[in-house]
Amino acid sequence: MENDKDNVIQAVVIMDLFNSNFSPICNQNPMGLLPVAGIPIIDYVLESLVSGGVGEAILFCCQDSFKIKDHIKKCKENKVPWSITLDVQIISSDTCQTMGDVMREIDAAGLVRGYFVLVGINSITNINFTALLEQHKQTCKKDKGAAMTLVYKEVAWEHPLISNDKSLLLAADGRTHKILMHQKYKPKSKESAVSLPLECVLQHSEVKLYHNLVDAGIAICSPSVPPLFSDNFDFQTRNDFIHGILINEDILASSLYYTMLKENQYAAAITNWKTYQTVCWDILHNWVYPLSIETDSFYKNTFMFMGNHIFRKTNSSLSRSCTLVEDVLIGAQSHISDMSTVSKSMIGSNCMMGNDVVIHGSHIMNNVVIKDNCQILNCFVDDNCVIEAHSNLEGVVVSNNVCVKEGSKLRGIILEETDSNDKTLKKTSSESGTEWENESSGKEDDEYVGFEKEWSDSESCYSSDSSAESSLPDSPIPEDTNIFLQEVIDSLARGYEDNLKCDYLILEINSSRYAYNIQLNEVNFFVVRALLSMPILENSKNVLTTVKDILKFFRPVIANYIKTKLSIMDCLKAVEDSCIKNSWLEGRAGQIIHLLYEADIVDEDSLLVWYEDLKENESPISNQTSIVKFFEWLQEASEESEESD
Amino acid sequence: MHKILEFQAVVLAAGRGSRMPDVGGTVSKCLLPVGPYPVIWYSLNMLERYGFQDTMVVVLDEDKSNILNALEKCPLKIKYELIVIPSDEDWGTANSLKHISSRVTTDLIVISGDLITNINLNEVVNLYRKHDAALATLFFNNGPEEWIELPGLKSKAKPDRDLVCIDKETERLVFLASASDFEENVKIPRVLLKKFGSISLFSRLLDAHVYVMKNWLISYLVESDKFTSIKGELIPHIVRKQLSRPKNPLEKKGMSEKNVDICKDVFDFAIDKGYESKIRQMSAYNDHKLGSKGVYYNDTLRCYALIPDKNTFGIRVNTLASFYLSNSKILSKWVEVTGTVLSDRINLNSEVKTKQIDEASTVGEKSVIAEKTSIKCTFVGANCVIENKVRLTNCILMNNVTIKEGCVLQDCVVYTGATVDTGCNLQYCLIGPHHVVPSSTSGKHQLFAETTDNMITLG
Numbered sequence: 039m040e041n042d043k044d045n046v047i048q049a050v051v052i053m054d055l056f057n058s059n060f061s062p063i064c065n066q067n068p069m070g071l072l073p074v075a076g077i078p079i080i081d082y083v084l085e086s087l088v089s090g091g092v093g094e095a096i097l098f099c100c101q102d103s104f105k106i107k108d109h110i111k112k113c114k115e116n117k118v119p120w121s122i123t124l125d126v127q128i129i130s131s132d133t134c135q136t137m138g139d140v141m142r143e144i145d146a147a148g149l150v151r152g153y154f155v156l157v158g159i160n161s162i163t164n165i166n167f168t169a170l171l172e173q174h175k176q177t178c179k180k181d182k183g184a185a186m187t188l189v190y191k192e193v194a195w196e197h198p199l200i201s202n203d204k205s206l207l208l209a210a211d212g213r214t215h216k217i218l219m220h221q222k223y224k225p226k227s228k229e230s231a232v233s234l235p236l237e238c239v240l241q242h243s244e245v246k247l248y249h250n251l252v253d254a255g256i257a258i259c260s261p262s263v264p265p266l267f268s269d270n271f272d273f274q275t276r277n278d279f280i281h282g283i284l285i286n287e288d289i290l291a292s293s294l295y296y297t298m299l300k301e302n303q304y305a306a307a308i309t310n311w312k313t314y315q316t317v318c319w320d321i322l323h324n325w326v327y328p329l330s331i332e333t334d335s336f337y338k339n340t341f342m343f344m345g346n347h348i349f350r351k352t353n354s355s356l357s358r359s360c361t362l363v364e365d366v367l368i369g370a371q372s373h374i375s376d377m378s379t380v381s382k383s384m385i386g387s388n389c390m391m392g393n394d395v396v397i398h399g400s401h402i403m404n405n406v407v408i409k410d411n412c413q414i415l416n417c418f419v420d421d422n423c424v425i426e427a428h429s430n431l432e433g434v435v436v437s438n439n440v441c442v443k444e445g446s447k448l449r450g451i452i453l454e455e456t457d458s459n460d461k462t463l464k465k466t467s468s469e470s471g472t473e474w475e476n477e478s479s480g481k482e483d484d485e486y487v488g489f490e491k492e493w494s495d496s497e498s499c500y501s502s503d504s505s506a507e508s509s510l511p512d513s514p515i516p517e518d519t520n521i522f523l524q525e526v527i528d529s530l531a532r533g534y535e536d537n538l539k540c541d542y543l544i545l546e547i548n549s550s551r552y553a554y555n556i557q558l559n560e561v562n563f564f565v566v567r568a569l570l571s572m573p574i575l576e577n578s579k580n581v582l583t584t585v586k587d588i589l590k591f592f593r594p595v596i597a598n599y600i601k602t603k604l605s606i607m608d609c610l611k612a613v614e615d616s617c618i619k620n621s622w623l624e625g626r627a628g629q630i631i632h633l634l635y636e637a638d639i640v641d642e643d644s645l646l647v648w649y650e651d652l653k654e655n656e657s658p659i660s661n662q663t664s665i666v667k668f669f670e671w672l673q674e675a676s677e678e679s680e681e682s683d
Numbered sequence: 015m016h017k018i019l020e021f022q023a024v025v026l027a028a029g030r031g032s033r034m035p036d037v038g039g040t041v042s043k044c045l046l047p048v049g050p051y052p053v054i055w056y057s058l059n060m061l062e063r064y065g066f067q068d069t070m071v072v073v074l075d076e077d078k079s080n081i082l083n084a085l086e087k088c089p090l091k092i093k094y095e096l097i098v099i100p101s102d103e104d105w106g107t108a109n110s111l112k113h114i115s116s117r118v119t120t121d122l123i124v125i126s127g128d129l130i131t132n133i134n135l136n137e138v139v140n141l142y143r144k145h146d147a148a149l150a151t152l153f154f155n156n157g158p159e160e161w162i163e164l165p166g167l168k169s170k171a172k173p174d175r176d177l178v179c180i181d182k183e184t185e186r187l188v189f190l191a192s193a194s195d196f197e198e199n200v201k202i203p204r205v206l207l208k209k210f211g212s213i214s215l216f217s218r219l220l221d222a223h224v225y226v227m228k229n230w231l232i233s234y235l236v237e238s239d240k241f242t243s244i245k246g247e248l249i250p251h252i253v254r255k256q257l258s259r260p261k262n263p264l265e266k267k268g269m270s271e272k273n274v275d276i277c278k279d280v281f282d283f284a285i286d287k288g289y290e291s292k293i294r295q296m297s298a299y300n301d302h303k304l305g306s307k308g309v310y311y312n313d314t315l316r317c318y319a320l321i322p323d324k325n326t327f328g329i330r331v332n333t334l335a336s337f338y339l340s341n342s343k344i345l346s347k348w349v350e351v352t353g354t355v356l357s358d359r360i361n362l363n364s365e366v367k368t369k370q371i372d373e374a375s376t377v378g379e380k381s382v383i384a385e386k387t388s389i390k391c392t393f394v395g396a397n398c399v400i401e402n403k404v405r406l407t408n409c410i411l412m413n414n415v416t417i418k419e420g421c422v423l424q425d426c427v428v429y430t431g432a433t434v435d436t437g438c439n440l441q442y443c444l445i446g447p448h449h450v451v452p453s454s455t456s457g458k459h460q461l462f463a464e465t466t467d468n469m470i471t472l473g
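Those protein sequences? They're chains A and B, same order as listed. Using this note's numbering, read the first sequence as starting at 39 and increasing by one per residue. Using this note's numbering, read the second sequence as starting at 15 and increasing by one per residue.
Printed below as a string of structure tokens:
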């Protein structure tokens, strides 16, 4: 019996994504219960583990574990196919904040016996885990330090799974498949060249370079992986782990390998709304076979196939004059009325679609009512919502129980209910919205991707003639300084909110400074820049009073950095920069300068020098009335004071 | 053997051997002896084997008569026309090509005069034909270089390496640079990785300097007038241009009106003359599996590279190491490389009195080897005199060399006309042309030559 147990393949499923990509939908319900093409994602994951040869699954929940437990219990009662052979163990811990915490917990509890499969709850795949595990064991025989085999799927660069997620650059030894470099790019990143260390290239006779890979979040791990997480408390995410191993390969005596999936195997990770949409369609197109829309039902197939990848439950009803174009899934008891058109969409059960409704690329959950003449494009509508007539929604995420008013026209926002008593809508800022153009202004959620209106993935793989040859573009702000700025803003905002001592904040800023290797003059610049970019300013009604408060509160911080003439110039440059970049300071440069002047942070001489510079460089703010007025005033004031002398 | 008519061939043999050690006096690279024949014979022989009836050979002015003399003694049926370039000017390989451009009427095969290989040339040519390529090249993947102890001064100079990116799926050559172009990081255009799915970056390949190129490339070379070296400039330029698109005609027009840019760009030359593009559109063939792009990603300019398997013998005699290595390997590979059986390993006109000469040695015309000598793995050129009680192991003796009585030479290279006086004992030494090594010298890793500069680099 024991021997038997040793041969059972274990899988660890991490049930949380530890990000807010699917908020607010995943705030109430765990990620595992998010329906993908009508079926909770966890059913796909467990089914794929079973068909891939896994015998024991450890589900690690950090949130709402009871809901998952209920679901698993229900599945077992209903004798869902996977429940017959798979031994499911649910572990929950509320203290884990990151994937690293989870792995440390697993290590502490000694949950894994040996080699194991590590998947995220968002991995949809039909691969054979047994074969991959065997392959990993072979690799381990050759290299004792092999810690992980990462599983990738090769696709074309135009594939939506690549263009809508962080693209990955992988460099690996051509012979052994050992990973040498692993770098993630932001989606639509404009970087024109990749750089590899020369030494590394010359050491290996053949280096393979991949840039068009889908990372499905699947890894085959050696027993050494959980202890590695425990030993390195700074490993928070899978990426931290990968980078940590690659950088300290010698110290940790570990290495990573990759494997490429074969053509007939599918693997993808649902990381944001766009990839969610893509995976839904892939499931409908049967790319993930044997996973399909019938995954959770063993024998009760109640779907009716109507061609063009249109499926509907037999007890759903369609009116005679409605049109289903392609890729449509309609749940039980739903009804679609006259003259409505549905394409590329999933509709849950008990939904009512009115007349003349157009639904495209949308995901509508259960018990939703959509009244007449609505247009729903690329939206996610959660349970029990009502969308009143004549509404027009594009790229909107609607959380449950929301009622969209008649005639609303909404684009790229998130709608959620603030309170159960108070039925008003809270519209989260459209900044963090749904299209990538907003990426630079969306502050904290740089990972958030919503839907968009239409796919536009015609990115050419050619560069224009000139850019192919000039390999070095001028980058606006290097990555590190951006992170630094963000950290300073975060520290200051927190300090302001919690009324922390400025000394601590200075300490914090300085430690970030060393972490990112920022020059002193840059620190001066960024501190002022951060002060003027604090999130409270953005929503403040009276920006100037808030700025005044901020300056007053942070006076010790400013005094610590802005002391010399040179630092004053840094400070003024930061003001210029902020006034150009931050919309809430638009046209207020003069007032800001005035506040600084009154607070004795900047002196008159520096101001004049700076003003000359502005005019010389034709800065966009040099002609602003507020600036011109301020300097006129300054001139007069100085003349007056001279006279009085 | 069928004839190849669609190509003209040119052998570039005007190299000065700048990577060879300076031994004083001039030694033309293409006349270095490898086995019984000079280096250049091997490339001509290869062309002959693969059906060429004539070829052009670009040589330096000063070498012409020597080369003619040397080739006359070799067995060759192919007609070769020597084209001289001035030896006092420092012409690059691209200059040489430009020099012969008026004679080129078809597509061209360019072969370096220092190549010795057993590759089937048809493989390269077929790769070129198959994809209607602009350019096809050949790289050897010989694995880690064998470590050999070299004659002459020890040196640490590392050879420069090529960085070559090849897309495994389509065999396209997509990136070519020299490792010395980069300091710490190698920069590769990101579009390259987006476009091609399976790029391999090789750093230990040996460029065979075999190029099959379209006729219009020569016209472009002449027209643009900015290239001096084929390998260093022209090929990387063409490879890079694969990523660009032809400028659209409107844009172009605007530019010429302003007289800003009237020089033609490479796409003005790379025009399908026949129905190729129409056929490609109608064909279901595609060279890559993923993505929705048309065949060849709709590129008009395509470069390919052939990497034969590791067992292929390929060497370029441009360094002392490769010269030495080629000599030690040539006899074992003789049939594969030349396609003939070496009949006169020991020349009939030579006078070999000793019996202690092994199978791995050759003796050139009119050489005299005395009775009591022992010769192992050694190449003796023409008109050499080897006196009694001499022992030679792993040596290369060029023409007119005299080794006096009682010498022991191991792993030495003795250049033309040199004399080693009695009783010397030399290991890993280089003896320059017409140099006389005084009697009873013994040395290891030394250079005996009349050079001005002894700080030379070997390797």
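Beta carbons are placed, not taken as given, at the ideal position from N, Cα and C, and that holds for glycine. Since this is a predicted model, take the numbers as computed values, not measurements.
Using the C-alpha atoms, what's the distance from residue j back to residue i?
{"i": "V363 (chain A)", "j": "N346 (chain A)", "result": "8 Å"}
{"i": "T392 (chain B)", "j": "V48 (chain B)", "result": "11 Å"}
{"i": "D638 (chain A)", "j": "Q241 (chain A)", "result": "58 Å"}
{"i": "P77 (chain B)", "j": "T416 (chain B)", "result": "According to the sequence displayed, residue 77 (chain B) carries Asp and not Pro. Roughly 24 Å separates the two Cα atoms."}
{"i": "D651 (chain A)", "j": "V526 (chain A)", "result": "27 Å"}
{"i": "S494 (chain A)", "j": "S437 (chain A)", "result": "With a pLDDT of only 35 at S494 (chain A), under 50, the local geometry of the prediction cannot be trusted, and the value read off the model is given with reservation. Taking the straight line joining both Cα atoms gives about 26 Å."}
{"i": "I79 (chain A)", "j": "L149 (chain A)", "result": "24 Å"}
{"i": "I368 (chain A)", "j": "S354 (chain A)", "result": "7 Å"}
{"i": "I249 (chain B)", "j": "I123 (chain B)", "result": "14 Å"}
{"i": "L589 (chain A)", "j": "L170 (chain A)", "result": "59 Å"}
{"i": "W348 (chain B)", "j": "P52 (chain B)", "result": "14 Å"}
{"i": "M137 (chain A)", "j": "A597 (chain A)", "result": "40 Å"}
{"i": "E197 (chain B)", "j": "L236 (chain A)", "result": "7 Å"}
{"i": "N439 (chain B)", "j": "G457 (chain B)", "result": "7 Å"}
Apply the 10 Å Cβ neighbour rule to residue i and answer buried if 16 or more other Cβ atoms are within range, or exposed otherwise.
{"i": "R6 (chain B)", "result": "This structure does not reach residue 6 (chain B), given that chain B is present from 15 up to 473, and the question cannot be answered."}
{"i": "H323 (chain A)", "result": "exposed"}
Pull up the DSSP beta-bridge partners for residue i, would you.
{"i": "I445 (chain B)", "result": "B:V428 and B:F462"}
{"i": "D121 (chain B)", "result": "B:F21"}
How would you write the range of the alpha helix (DSSP H) that residue i sits in, first residue to last?
{"i": "A108 (chain B)", "result": "T107 to I114"}
{"i": "L398 (chain B)", "result": "The question names Leu, yet the displayed sequence has Cys at residue 398 (chain B). Premise fails: C398 (chain B) is in no alpha helix (DSSP H) and is neither H nor E."}
Looking at the secondary structure, which residues open and close the beta strand (DSSP E) in which residue i lies?
{"i": "S152 (chain B)", "result": "According to the sequence provided, residue 152 (chain B) is Leu. The question's Ser does not apply to it. From DSSP, the beta strand (DSSP E) with L152 (chain B) extends over L149 to F154."}
{"i": "Y94 (chain B)", "result": "K93 to I99"}
{"i": "N430 (chain A)", "result": "N430 to E432"}
{"i": "T168 (chain A)", "result": "Where T168 (chain A) is concerned, there is no enclosing beta strand (DSSP E), although the alpha helix (DSSP H) it sits in stretches over F167 to K180."}
Just checking residue i against the ligand GDP - is the residue's beta carbon closer than 7 Å to any of the ligand's heavy atoms?
{"i": "S238 (chain B)", "result": "No copy of the ligand GDP appears in this structure; indeed no ligand is present at all."}
Please name the residues in the region 637-655 of chain A whose beta-carbon is closer than 7 Å to at least one beta-carbon of chain B, in chain order. none
Would you list, in chain order, the members of the region 174-208 of chain B that have their beta-carbon closer than 9 Å to a beta-carbon of chain A? R175, L177, C179, K182, A193, F196, E197, E198, N199, V200, K201, I202, P203, R204, V205, L206, L207 and K208
To be precise: take each residue of the region 244-272 of chain A, compare its Cβ to all Cβ atoms of chain B, and keep it if any distance is under 7 Å. Which residues remain? E244, V245, K246, L247, H249 and N250
Any residues in the region 212-224 of chain B with a beta carbon nearer than 9 Å to a beta carbon of chain A? Which ones, in chain order? S212, I213, S214, L215, F216, S217, R218 and L219
What are the residues in the region 282-308 of chain B lying within 9 Å of chain A by C-beta distance? H302, K303, L304, G305, S306 and K307
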